[in-house]
Amino acid sequence: MKEHIAKMLAAQKGRHISFHTPGHKRRGADITELSYSDNLAAPRGVLAAAQADCARILGADASFFLTDGSTSGVYSMLLALRRAGAARVAVPVCAHVSVLRGCELAGLVPVPVPQEWERGIARQPSLSACERALSAADALLVTSPDYYGYFPDLRGLAALCAREKKPLLADGAHGSHLHGTPMYAGNFADMWVDGVHKSLPALTQGAVVSAKGAWAARLEAAVPYFRTTSPSYPILSSIEHAVKFPRSERTERAAAWAKAALGAEPNDDWSKIVLPFGEESGAARACLEARGLYPEFDDGNYLMFYLSPASRVRDIKTLVRLAKRLPRGEVRGAPHEKGSCGQKTAALPPEAALGRTCAQTCGLFPPCVPVLLRGERVDEDAVRRLSGALSAFGLEEGKIVVFED
Ligand SMILES: Cc1ncc(COP(=O)(O)O)c(C=O)c1O
Numbered sequence: 001m002k003e004h005i006a007k008m009l010a011a012q013k014g015r016h017i018s019f020h021t022p023g024h025k026r027r028g029a030d031i032t033e034l035s036y037s038d039n040l041a042a043p044r045g046v047l048a049a050a051q052a053d054c055a056r057i058l059g060a061d062a063s064f065f066l067t068d069g070s071t072s073g074v075y076s077m078l079l080a081l082r083r084a085g086a087a088r089v090a091v092p093v094c095a096h097v098s099v100l101r102g103c104e105l106a107g108l109v110p111v112p113v114p115q116e117w118e119r120g121i122a123r124q125p126s127l128s129a130c131e132r133a134l135s136a137a138d139a140l141l142v143t144s145p146d147y148y149g150y151f152p153d154l155r156g157l158a159a160l161c162a163r164e165k166k167p168l169l170a171d172g173a174h175g176s177h178l179h180g181t182p183m184y185a186g187n188f189a190d191m192w193v194d195g196v197h198k199s200l201p202a203l204t205q206g207a208v209v210s211a212k213g214a215w216a217a218r219l220e221a222a223v224p225y226f227r228t229t230s231p232s233y234p235i236l237s238s239i240e241h242a243v244k245f246p247r248s249e250r251t252e253r254a255a256a257w258a259k260a261a262l263g264a265e266p267n268d269d270w271s272k273i274v275l276p277f278g279e280e281s282g283a284a285r286a287c288l289e290a291r292g293l294y295p296e297f298d299d300g301n302y303l304m305f306y307l308s309p310a311s312r313v314r315d316i317k318t319l320v321r322l323a324k325r326l327p328r329g330e331v332r333g334a335p336h337e338k339g340s341c342g343q344k345t346a347a348l349p350p351e352a353a354l355g356r357t358c359a360q361t362c363g364l365f366p367p368c369v370p371v372l373l374r375g376e377r378v379d380e381d382a383v384r385r386l387s388g389a390l391s392a393f394g395l396e397e398g399k400i401v402v403f404e405d
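Here is the structure:
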């Protein structure tokens, strides 16, 4: 697609006189829907070919390019699900906010799947927790991999969903680099999103949403609701470039070496290096940034370093050299991480839960928005709203689940 557009521009020998958008009127790849550049809303030319190529690479029956990030892919999947008649979808309590917002937009009730916390990180929900939530839902949505590089039991979940005849959706905002490998979410899901701008070399906001079987047509009908009618051609061509970008075994080996050299938190995804600094994380980040090395995030316990096949081995070596010297502290529970593995919980009537820490996200439906997130203090407003609730999620027989002191 990029080559085609470049060829068309070159063929005009600099005589591209713009009486079209964009308003900057500069020559170059930032064009609009012209006779040779196709139209994402009804693709028949270069965009149709690029999407078809990517669908083949990703193992989908149909793939749709997105220029507004994985968020728009999550929304599209949830709208497709709702229009297929689903009313409730099981989602992990630590699902990305786009999942909760997408449920709200589509009119779906999220059924929370509990997650355990271990060493300050929410671990993927167990198969049995998913099974329990799915029994009260019409579909299951999982995040795979998550930001810390953990996979859910995709194989077990796909078998569970097939047995229950309920679709499996995957938020792969952090997993596009895994296509062609056994743990790629698209190998298991009916609909999934790939955040290609995060883990492959695409421009920011580039993403793809894909589907198999009957979900392909439903997804195609849902996608336009969350897409601009003026998609950015630089982002579109970068999506195709990124999906076709080759794996780099050299980078993957360097990542494994760095994880071992730095005592990284063990995880499943080569591209996410998670280093435990505990209370020293802020100081460690500042020290690295002063030397020009920027992690993806500092959660108050861990610094997370995000790689892609475009990461340079020499930069990984620099990370090891600099991070090795930095002092480490004890990993501690952040405010929303009170539920470290093993901590006991109790279900209390709302009034008795006042001032305690919520252990299970809960709220009212409609509008299906959490009143309390796991880890938040139960305040008077939450008590008032939840005790009068006609219909709620995340409560156990009307009681709020809190952590034992
Ligand atoms: C798990 C997860 N899903 C979805 C998204 C949304 O992705 P985007 O920023 O590409 O819209 C994010 C963003 O960080 C995420 O972490």
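The sequence shown begins at 1 in the working numbering and counts up one residue at a time. For every residue, glycine included, the Cβ atom is placed at its ideal position computed from N, Cα and C.
{"Asked": "Beta-carbon gap between ARG328 and PHE245 smaller than 8 Å", "Found": "no"}
{"Asked": "Contacting residues, own chain, Cβ-Cβ under 6 Å from GLU279 (five flanking each side not counted)", "Found": "GLY329"}
{"Asked": "Within 8 Å, strictly: CB atoms of LEU40 and PHE65", "Found": "yes"}
{"Asked": "Residue interval of the alpha helix (DSSP H) (run including LEU129)", "Found": "The question names Leu, but residue 129 in the sequence shown is Ala. It spans 127 to 134 - the alpha helix (DSSP H) in which ALA129 sits, taken as one unbroken run."}
{"Asked": "Member of SER98, LEU219 and LEU105 whose CA lies at the smallest distance from the CA of ALA87", "Found": "LEU105"}
{"Asked": "Extent of the continuous beta strand (DSSP E) to which LEU141 belongs", "Found": "139 to 143"}
{"Asked": "ASP171 beta carbon near ligand 1 (any heavy atom closer than 7 Å)", "Found": "yes"}
{"Asked": "In DSSP terms, what ASP298 is bridged to", "Found": "LEU303"}
{"Asked": "Closer than 7 Å: ALA207 CB and nearest ligand 1 heavy atom", "Found": "yes"}
{"Asked": "Residues near SER311 in its chain [Cβ-Cβ closer than 7 Å; skip 5 each side]", "Found": "THR251"}
{"Asked": "Beta-carbon proximity of PRO309 to SER230, cut-off 8 Å", "Found": "no"}
{"Asked": "Contact test: SER70 Cβ vs ligand 1 heavy atom, cutoff 7 Å", "Found": "yes"}
{"Asked": "Residue burial classification, ALA264 (beta-carbon count within 10 angstroms, cutoff 16)", "Found": "buried"}
{"Asked": "Runs of beta strand (DSSP E) lying entirely within the region 184 to 234, each at least 3 residues, in chain order", "Found": "191 to 194 and 207 to 211"}
{"Asked": "Nearest neighbour of THR318, chosen from PRO350, GLU351 and ALA255 [CA to CA]", "Found": "ALA255"}
{"Asked": "GLY375, DSSP secondary structure in three states", "Found": "coil"}
{"Asked": "Assigned exposure category for ILE316 - 16 Cβ within 10 Å defines buried", "Found": "buried"}
{"Asked": "Any 3 or more C-beta pairs closer than 8 Å across the region 160 to 174 and the region 80 to 98", "Found": "yes"}
{"Asked": "Spatial neighbours of PHE188 in its chain, beta-carbon cut-off 6 Å, leaving aside the 5 residues before and after", "Found": "LEU154 and ALA158"}
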